[in-house]
Structure formats: C-alpha cells, structure tokens
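Chemist: I am attaching a structure below and will ask some questions about it afterwards.
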Amino acid sequence: MLTFDKIFNLLLLVLVPVCIFLFHFRRNRGGSLPFPYLIWGQSSKLKTPPLVGSLIILSDIMFWLAIVLIILALAGPSKAMQKKIFLNRGMDIMFILDISPSMSAKDFGVENRLEGAKQIISQYIDSRENDAIGLVAFGDYAMIEVPPTNDYELLKQKMSELEIKSLGEGTAVGMGLAVGSLHLSSSSASEKIILLLTDGENNSGEIEPETAANLAAQMGVRIYTIGIGSSGVVEAEFRDPETGKVVSGELLSEFNEELLVKIAEQSGGEFFKADSIGSLDLILKIIDSRESVEKRVSLVVHKEYIHRLFITIALFLIGFYFFIRRVVLQEVL
Amino acid sequence: MKQTYPGVLWLLLLLIPIIFIGLIGYIKGKKSIQSLAMNSSGRFYRAYGLRYFLYYLTLGGFFIFSIFSLVDYRWGKVVIKEDREGLDIVFALDCSNSMQATDIYPTRFASSKDALFLILKAFEGERFGLTLFKGESETFVPVTEDVILIESLINYLEIDMLRSRGSNIENGLIEAIRAFPEESNRHKIIILISDGGALEGNASRIVREMYDMGISLFILGVGGEGYIPLVIEGKAVKNNHGHPVSVRQEVEYLSRLAEEAEGFYQNMEEPNGVGKLIDNIKSYFLRSSDRGFQLRSPLRYRVFLWPALIFLLSNMVIRRISWRDL
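These protein sequence lines map, in sequence, to chains P and X.
Heads up: the first sequence is residues 1 to 333, going by our numbering.
Heads up: the second sequence is residues 334 to 659, going by our numbering.
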C-alpha cells in the first residue's frame, strides 16, 4: 500500500495544470522570437515538421512529469506493510520423536510411521504462531535437532532430514525425555509441553523414562505421550543410513502402554493411541485445544521509503528533456 | 551529518557533459542569431547570454540538488515511540582463515568463542542465535532461549565448519538478519565478531538497511592492529603469487561500519573490551526500553529537494520570459 508522510505537499499538484496552461496555452505567453518569414505565394506560416513537433511535445510531457514526480517525492512516499507482532510469550513445545527401525512399519497410511508423523507434525507447526517449537530425535541415544524456536522453516527442514536408524537401533525413551527436558530448562515460557511419539518399548539409554518424566514434572513441563502404530506383526522397510541398503521384513510391533500412561500422568499430561495418520492428526488437535496461551497482538506498520525511485525517474526525465531539446533539436533559446 | 548513499555523488560528474553541451550550444546559438538578426544591437546579445546563463544555472541547480537529495542525508535525532521488551541477539561469527591468526592467544577464533560465553552469561534470560560466515554463511542456531544448546555448540565450533573460502561480512549479516523471528516484539541486535578482513561483498549497503529495519549492530573487532604473518598448523599461508599472507584487524573499516549503522564498535584488544561492549548494549537498551522510545536520525532529503523543484520551475520560467521584457 502506497502512503505519504507529508500529504499536504501533494496540494502542490494543483499548481501543475495551472502552470501548464500559463506556460503552454496562454496567449502572448512569450518565450518565442517572432521574425518575418514569408514564402511568396504560399501561407505565411512556417509549419513545424511533424517529427519535430512530436519531440517538442514529448519533451514537455517529460518535463511536467518530472515536476509531478518531484512533488510526489516531497510528500514522502512509502510502501506500508502491516505486520503482526506478539506482545507476550507463547508456549514452548518440544517434539520428541522416535526414529528407531520400528518406525519404518508401513501401517500408517503413507510411506511409514515416521513419514506419517513428520507430515502431521509439519501441518501442526504450520497452524502455530508465536510458540517456540523444538525437536529431539532418539534411537539408541537422543539428540536435540532443533532447540525451541520460532524459526518454523528451519524446524520443518531439520525434521524432513530425519532418517530411520540414524541414531541407532534401540529405543531410548528415557534419554529422549531427558534431553527434551534439559533443553526446556532455560525456557521462561509459562506453559511448556513435551509431545512424545514412540511405537516401542524403552530398551536403551542410561536414564529410565519414569526418572526423566519426574524431572520434567518438577520443571513444570507437561508430557503428552502418543503411542504410534498398530500392535502385532507389521511389514517394515527402510534404507540403512550407514550402508545405503534397503532393509525390509516383518516386525512385532508393540509399545508399552502402561509406561506411556504413567509418564503422562506423572507430569499432568495425557496418553493417546494413534493407529493411523488421521488419528494422529486428531490427537494433535485435541492437545492443541487443551493447551493454549492468551495472545496479545499488535499491528505494526512497517514503511519502506521509495522517494529515491521518484527522484531518480525525475532526473532521468529531465535528462531526456535536455537531450531532446539541446542535442536532438539543437534548440537555441 | 551522515550520508546513506554517498556513492550517488559520483553522478555530479554528469554535469561535465551538460556544461560542455551548453558551451557548444551557446557558441552555435550565437552564430545562428547573428545570421538571422545581422544588425542587432549588443543589448540583444547580452540578453541572449544572460538568458542562456540563467537557463543552465537553474538546470544545473536542479541536477545538483536532486543528486544531493538522493544521498539521503541524516542529521539530528527524533523520538520514535517504541514499546519493545527483551533482546533477540544474533551472533555473526567470522570463521575465515584470518581468524586463525595467533596475535591473540591462542587464536582469534578461540578468543572469539570466549567472548561469546561472556556475552551469553551477561544477558541471561534473553534469546540468542548463532550464524557463522566465511565466503558463504549459515545459521547454526536459530534464535532460541536454549542457552544450554548454544553453549555446548560453541565448545565444538571449529573454524572449518564452513567449507566455502573467502570472507564476506555482507553475507554474514544477511544470514544474521534472516535468523530473527519476524513477529517478535523484542529489540533486535546483531553482534558481529570479526577481524574485518572482508574480501568480497558490500557490507556498507546491508548495514544501512539494518538501520532502516530497526536492527542494532554492535561490532567486536578481533586481532591486533599491526600486520602479522598468517600461520596455520605451523605452515605460513601463501597467496596465489607465492607471497606470505599477512593479516591485521581492519579497525577503520569496522569502525566505519558501526558508524554507518549508528551502532557501536569495540576492539577486543582493549582492556576489558568485551565488558565494555556488554555495558554499552545494556546502557543503550536499558535506557530506551525504560522510557518506551528510541532516538533515530530522520531523513533530510527534502532540504535538497525543495530547492531542486524551485530551480526546475525557474528553468521553465526563464524559457518563457518574453524577450521584449529583457
């Protein structure tokens, strides 16, 4: 949207048509040198060649256009954009995602459980604003992929790069929770939640899930646990990140529901089962409705001043005007 | 008085061909008038000369003042209401080869990492991001409150984490600007830690844009002011011609960058250099956020544009004045 800082300066534009009339159309306006020139037997008027006449008119148009642009520049033109800024802190959300080989099971509608989870989490991220979201991945051990941040594009990019078995073959639920809690410890957010997505039993890592959950609860972090996938024998396939070979087969899938319920209850959270991509989507929406922080928003106008564009064009126009009159037409006076 | 776009002043050289065309035009015009009005009095030619002079004076005046208005001069301060709270601080850390110089023990890069720890500690509760730059740049940590991650990452930072070559401060600052969350109500600060050895890019352009975006620039200059040979892993670094490379901190360049951004430059070599930088940041932002306003230098281009308009209109008047009145 184009706006002007000193809008009263635009009143000068009223003078432009007045000046055009006075300088170009008023009788006896002067500025010409009358001298007698008569061609015997013909009209006494010497007609201006069409090209010359056109160039004169063009140069005059350029001149007055430059005047208009200078007046517009004096009015302080700017491109104004409204930006939304948040006056208060949102909540901190930490996704703790299992990337052990069992997440390659193909019972989740899309490619596999991990890809399905990534897709739904990505949509969830798109629906957030002002919340700092982080990502921890775990297998044999846990690693912070993205700290809680509002840079959602970086978060989604890092999440898309997660590969099955890149952190080993085990399932270190406790380590995942511990790392997630550690990286929420410096947070000053009033509400902090962990969303733990796993399809397996804790079988790796030095820290037990209950211990990590207790630690999180003491820090005021609520844990929502989501058991992914169906129970029983399922088909699985993934590309081993170390060898590059495709590994496929069947696996017995079962997550420890009792443990996940306990972890959630310890911290004031809740346990959910997601046996399909649709149910995971619904679960995240339910959690969303339960966890909300009041948002105080302000609309700020950001201005980008563009007066230099107007002045530059005016300079070019006067430059062309000068060139046409003095060089092309070789105007004397 | 600060110039936002000083390079525009080179356009004043265009006046040379204009004056040249004017002189040739005057001579030709005088000859043409002589052949048309052979026995005219001297008064006629004086009127022509005066008119011609006034024409070029007003045209030249328009060009000069328009060009000066394009420079976007700033002076004085105006109060701008600002209701921000807290700081988003992005570190733009130079990891070019010159940062391996050993004029600061153990190396410039290692000392820079120590400075980062001090700054992190001094601003507890604020948010931080970290970008590294060489020829290219990369965000290693997006703006976050997670100081634990940043501190552990700084410990593992190595100078060869970016594969590109060269040293481009402009790219570093652009990446740092991108790291800020858009919808944040916090003050935005970039702390550039560098020896100023910029082999490419135009950092001056980006610091001027930073000022318009409301991003403050604080520069911590690293390295000694005298040249020392660059030695990496016991071997002297040589350029393409086989000559040993010497490096120093480009104090003048870094000071000028800070001045253009109306920021602050601090030489880390000075006693308690990092402490002074921290104090400066605290005093600047504590002062402004206490009062809810900021002082900024406004653009003063209208001071030059009004005379440009007057000269241009005068030029048209000169062309239209009736000859008989002269």
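Don't be surprised by glycine CBs; every beta carbon is placed ideally from N, CA and C.
Just so you know, these numbers come straight off a predicted model, no measurement behind them.
Using three-state DSSP, classify L659/X as helix, strand or coil.
Modeler: Only weak support exists for where L659/X lies, its pLDDT of 48 falling under 50; the coordinates are left without a value.
Chemist: Scan the segment 113-145 of chain P and note each continuous beta strand (DSSP E) run of 3 residues or more that stays entirely inside, going in chain order.
Modeler: Whole beta strand (DSSP E) segments, 3+ residues: 132-138.
Chemist: Taking Cβ-Cβ distances shorter than 8 Å, what residues in chain P pair up with S365/X?
Modeler: The answer, in chain order, is V332.
Chemist: Starting from Y544/X, trace the beta strand (DSSP E) both ways and give me its first and last residue.
Modeler: Taken as a continuous stretch (DSSP letters only), Y544/X belongs to no beta strand (DSSP E), being part of the alpha helix (DSSP H) at A536 to M546.
Chemist: For L154/P and P148/P, I'd like the C-alpha separation in whole angstroms.
Modeler: Going by the C-alpha atoms only, they are around 11 Å apart.
Chemist: Does F461/X come out as helix, strand or coil in the three-state DSSP assignment?
Modeler: Looking at F461/X - three-state DSSP - the assignment turns out to be strand.
Chemist: For L486/X, which residues of its own chain have a beta-carbon under 8 Å away from its beta-carbon, when the five flanking residues on both sides are left out?
Modeler: Excluding residues within five positions, the ones whose Cβ falls inside 8 Å are L463, F473 and V474.
Chemist: So does the segment 69-83 of chain P actually touch the segment 8-15 of chain P, counting three or more Cβ pairs closer than 8 Å?
Modeler: Counting Cβ pairs under 8 Å, three or more are found: they touch.
Chemist: To which residues of the same chain is N203/P closer than 6 Å at the C-beta, ignoring the five residues directly before and after it?
Modeler: Within the same chain, N203/P has close Cβ partners G170 and T171.
Chemist: Could you work out which residues of chain P lie near G458/X, taking near to mean beta carbons separated by less than 8 Å?
Modeler: Residues of chain P passing the Cβ test: S188.
Chemist: Per DSSP, I422/X is paired with what?
Modeler: In the DSSP output, where bridge partners are listed per residue, I422/X has F461/X and I522/X.
Chemist: Could you round the C-beta distance between I502/X and A536/X to whole angstroms and report it? I think they count as a contact, below 8 Å.
Modeler: That pair is a contact at about 4 Å.
Chemist: Would you decide whether P50/P is buried or exposed? Buried here means 16 or more other CB atoms lie within 10 Å of its CB.
Modeler: So P50/P ends up on the exposed side.
Chemist: Return the chain-ordered list of same chain residues with a C-beta closer than 7 Å to the C-beta of G559/X, the five sequence neighbours on each side being excluded.
Modeler: Once the five neighbours on either side are set aside, the close Cβ partners of G559/X are R581.
Chemist: Please classify G554/X: is it buried, with 16 or more other beta-carbons within 10 angstroms of its beta-carbon, or exposed?
Modeler: Label assigned to G554/X: buried.
Chemist: Decide if P514/X is buried, meaning its Cβ has at least 16 other Cβ atoms within 10 Å, or exposed.
Modeler: The residue in question, P514/X, is buried, as its Cβ has 16 or more Cβ neighbours within 10 Å.
Chemist: Cα separation between N9/P and I71/P?
Modeler: Going from the Cα of N9/P to the Cα of I71/P covers about 7 Å.
Chemist: Which of the three DSSP states is assigned to P640/X in this structure?
Modeler: Note: P640/X maps to helix in three-state DSSP.
Chemist: How should A594/X be labelled, buried or exposed, when 16 other C-beta atoms within 10 angstroms of its C-beta is the threshold for buried?
Modeler: Per the 10 Å Cβ criterion, buried.
Chemist: Between which two residues does the beta strand (DSSP E) holding T171/P run?
Modeler: Run containing T171/P: none; DSSP gives neither H nor E here.
Chemist: Does the Cβ of F255/P have 16 or more other Cβ atoms within 10 Å, making it buried, or fewer, making it exposed?
Modeler: So F255/P ends up on the buried side.
Chemist: For V300/P and L420/X, I'd like the C-alpha separation in whole angstroms.
Modeler: Those two C-alpha atoms are separated by around 18 Å.
Chemist: At the 8 Å Cβ level, is F353/X part of the contact set with chain P, yes or no?
Modeler: No - not a single Cβ of chain P is within 8 Å of the one on F353/X.
Chemist: Skipping 5 residues on each side, what residues in its chain have a beta carbon closer than 6 Å to that of M81/P?
Modeler: Closer than 6 Å at Cβ, skipping near neighbours: H302.
Chemist: Classify V179/P as buried or exposed, calling it buried when 16 or more other Cβ atoms lie within 10 Å of its own Cβ.
Modeler: The residue in question, V179/P, is buried, as its Cβ has 16 or more Cβ neighbours within 10 Å.
Chemist: In whole angstroms, what separates the C-alpha of R326/P from that of G499/X?
Modeler: In a straight line, the C-alpha of R326/P is about 50 Å away from that of G499/X.
Chemist: Tell me which residues share the same chain as A264/P and place their Cβ nearer than 6 Å to its Cβ, disregarding the 5 neighbours each side in the sequence.
Modeler: I223, T225, E270 and F271, listed in sequence order.
Chemist: Using the DSSP secondary-structure output, state which residues sit across from Q336/X in a beta bridge.
Modeler: BP columns for Q336/X point to Y406/X.
Chemist: As an exercise, report each continuous beta strand (DSSP E) stretch of at least 3 residues that is fully enclosed by the segment 48-91 of chain P, in chain order.
Modeler: You should have 77-86.
Chemist: In terms of DSSP beta bridges, what is G232/P paired with?
Modeler: Note: G232/P sits in a beta bridge opposite S253/P.
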